[in-house]
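Residue numbers (our numbering): 40 to 187.
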Ligand code: FES
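Set out below in structure tokens:
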């Protein structure tokens, strides 16, 4: 039985072209054209800054203690459960998605089906809504309440 020699027997004839240089123009290219190729990248990334954070929502003086302000455009309700403590919640009712309508006496009220939410934590205190209003992260800088 003769075992096959296998296909590996081919000697790859790498062309050993050790002869003359193929790079003929070894002393050519300092002709000056290549110097202008520095592409300016100024201004990159400026337009991609996120818009979500840093927006001023309200002034602290505008938020009554035990109450709040509904920012319909941003769909955020900013509240002051106790003096000096500010919080913000989504103003979109977790029942059917109405924007909540009023804040009074520690309660955020949705006008659509009268769901009620506690301003301290957004929890449902009445009505058909099942879930709390999601809290939004804010920070207070000076007298400005800012979306973090
Ligand atoms: S959508 Fe708010 S109570 Fe129904």
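C-beta atoms are modelled at their ideal positions from N, C-alpha and C, and glycine is treated no differently. For clarity, every value in this text was computed on a predicted model and none was experimentally measured.
Query                                                                                         : Result
Any non-hydrogen atom of the ligand FES within 6 Å of residue 144 CB                          : no
First and last residue of the uninterrupted beta strand (DSSP E) at residue 148               : 146-148
Distance, residue 98 Cα to residue 123 Cα                                                     : 12 Å
Beta-carbon separation (whole angstroms), residue 127 vs residue 142, contact threshold 8 Å   : Not a contact, Cβ separation roughly 11 Å.
Inter-residue spacing [alpha-carbon to alpha-carbon] between residue 169 and residue 115      : 19 Å
Pair within 7 Å by beta-carbon distance, residue 158 and residue 107                          : yes
Supposed contact pair residue 161 and residue 150 - C-beta distance, whole angstroms, cut 8 Å : 17 Å between Cβ atoms; not a contact.
Pairwise C-alpha distance: residue 165 and residue 175                                        : 21 Å
Span separating the alpha-carbon of residue 130 from that of residue 163                      : 13 Å
Any non-hydrogen atom of the ligand FES within 6 Å of residue 154 CB                          : yes
Residue of 125, 147, 113 minimising C-alpha distance to residue 180                           : 125
Pick from 144, 152, 121, 146 that is closest to residue 136, judged by C-alpha positions      : 152
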